[in-house]
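Trainee:
In our numbering, the protein residues as written are 10 to 264.
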């Protein structure tokens, strides 16, 4: 059977007797280690930043800074699991509103603390699994080769084959089963669909503005707004291309 990981705990309570009682119960549990104690909120903020406990047993009623204010002050990235400690059952609802894992009533009941720690173990296990999954995803993303986008297009013309650099394409439009590639030097026609062609283009350089039109982003000189909010993309040499409503939001984000 796999050994349970050690749970690091911190006690925050302004009452020495309460800290002593909780310490006595927690110290008797084999997989729990008390790494810090604090008697007020200010001291607790420093201790959490230094020790990074797994779980915080936090008194609610403390002078100057109570448990709720302490949690509001604690940076989100330093937030451990929280078990509130209180002598008043009326604080229970507010404790859960503050996203506490659990709350324990004074005087301490050993079985109640044991039950809270069971929840702590389960949540820590889930957190570690999630962190492990995120790490694996990061590794996979790092190792996965970057997608290579089309750099040039093969064009057949009068029995000859030549290549047009993608960077020369100003815009292209679908015409039945063909694509017309517009460059500053002229128009080239190739066989293919606009959808499959779009997938081969770098989305940081080219954008679909219509179901039949793709344009190079830096070729757009101006977006002109029509009377009904529609856009027209103006390119060099007076070329005007309609932007359909379904692509309007996307072009606004990119330009």
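No residue lacks a Cβ here, since even glycine has one placed at the ideal position from N, Cα and C.
With a threshold of 16 other CB atoms inside 10 Å of the CB of residue 21, please say whether the residue is buried or exposed.
Mentor: That one is buried.
Trainee: Opposite residue 252 in the DSSP bridges: which residues?
Mentor: Beta-bridge pairing links residue 252 to 240.
Trainee: Quick one: residues in its chain with C-beta nearer than 6 angstroms to the C-beta of residue 10, no 5 flanking neighbours on either side, listed in chain order?
Mentor: Only weak support is given to the placement of residue 10: the predicted model assigns it a pLDDT of 42, under 50, and the question is left unresolved by the model.
Trainee: Which residues in the same chain have their Cβ closer than 7 angstroms to the Cβ of residue 120, if we skip the five residues on either side of it in sequence?
Mentor: Within the same chain, residue 120 has no close Cβ partners at all.
Trainee: Since residue 165 sits in a beta bridge, which residues does DSSP pair it with?
Mentor: Residue 165 is bridged to 170.
Trainee: Whether or not the segment 31-44 and the segment 81-92 are in contact is what I'm after, with contact meaning three or more pairs of Cβ atoms, one per stretch, closer than 8 angstroms; do they touch?
Mentor: With a cut-off of 8 angstroms, the segment 31-44 and the segment 81-92 do not count as touching, because too few Cβ pairs lie within range.
Trainee: Rounding to the nearest angstrom, what Cα-Cα distance links residue 130 and residue 207 in this structure?
Mentor: Rounded to whole angstroms, residue 130 to residue 207 spans 49 angstroms at the Cα level.
Trainee: With distances taken between CB atoms, is the gap from residue 211 to residue 201 smaller than 9 angstroms?
Mentor: Cβ atoms of residue 211 and residue 201: not closer than 9 angstroms.
Trainee: Quick check on residue 11: does DSSP put it in helix, strand or coil?
Mentor: With a pLDDT of only 46 at residue 11, under the threshold of 50, the placement of this residue in the model should not be trusted; the figure read from the coordinates follows. Note: residue 11 maps to coil in three-state DSSP.
Trainee: Helix, strand or coil for residue 60 per DSSP?
Mentor: The answer is helix: DSSP assigns residue 60 an H, G or I state.
Trainee: Any idea if residue 218 is buried or exposed, counting beta-carbon neighbours within 10 angstroms, 16 or more meaning buried?
Mentor: That one is buried.
Trainee: Quick one: what does DSSP say residue 8 is sitting in, helix, strand or coil?
Mentor: Here the chain comprises residues numbered 10 to 264, so residue 8 is not present and cannot be evaluated.
Trainee: Whole angstroms is fine: what's the gap from residue 87's alpha carbon to residue 63's?
Mentor: So the two alpha carbons sit approximately 10 angstroms from each other.
Trainee: Pick helix, strand or coil for residue 85, following the three-state DSSP scheme.
Mentor: Looking at residue 85 - three-state DSSP - the assignment turns out to be helix.
Trainee: Distance, Cα to Cα, residue 139 vs residue 47?
Mentor: If you take the alpha carbons of residue 139 and residue 47, they lie about 30 angstroms apart.
Trainee: Quick check on the DSSP output: the alpha helix (DSSP H) that includes residue 93 runs from which residue to which?
Mentor: Careful: residue 93 lies outside any alpha helix (DSSP H), inside the beta strand (DSSP E) at 90-95.
Trainee: Specify the secondary structure class of residue 184 as computed by DSSP and reduced to three states.
Mentor: If DSSP states are grouped into helix, strand and coil, residue 184 belongs with the strands.
Trainee: To the nearest angstrom, report how far apart residue 110 and residue 258 are at their CA atoms.
Mentor: Straight-line Cα distance between these residues: approximately 42 angstroms.
Trainee: Output the distance between the C-alpha atoms of residue 116 and residue 44, rounded to the nearest integer angstrom.
Mentor: Going by the C-alpha atoms only, they are around 22 angstroms apart.
Trainee: Span of the alpha helix (DSSP H) holding residue 35?
Mentor: Where residue 35 is concerned, the enclosing alpha helix (DSSP H) stretches over 25-36.
Trainee: With a cut-off of 8 angstroms on the beta carbons, I'd call residue 175 and residue 159 a contact; round off their distance for me.
Mentor: About 5 angstroms separates the two Cβ atoms, so the contact holds.
Trainee: Residues in the same chain with beta-carbon distance under 6 angstroms from residue 238, minus the five sequence neighbours each way, listed in chain order, please.
Mentor: Same-chain partners within the cutoff: there are none.
Trainee: In terms of DSSP beta bridges, what is residue 53 paired with?
Mentor: Answer by DSSP bridge pairing: none, since residue 53 is not bridged.
Trainee: Near residue 56, which residues of its chain fall below 7 angstroms by C-beta distance, leaving aside the five closest residues on each side in sequence?
Mentor: 19, 45 and 47.
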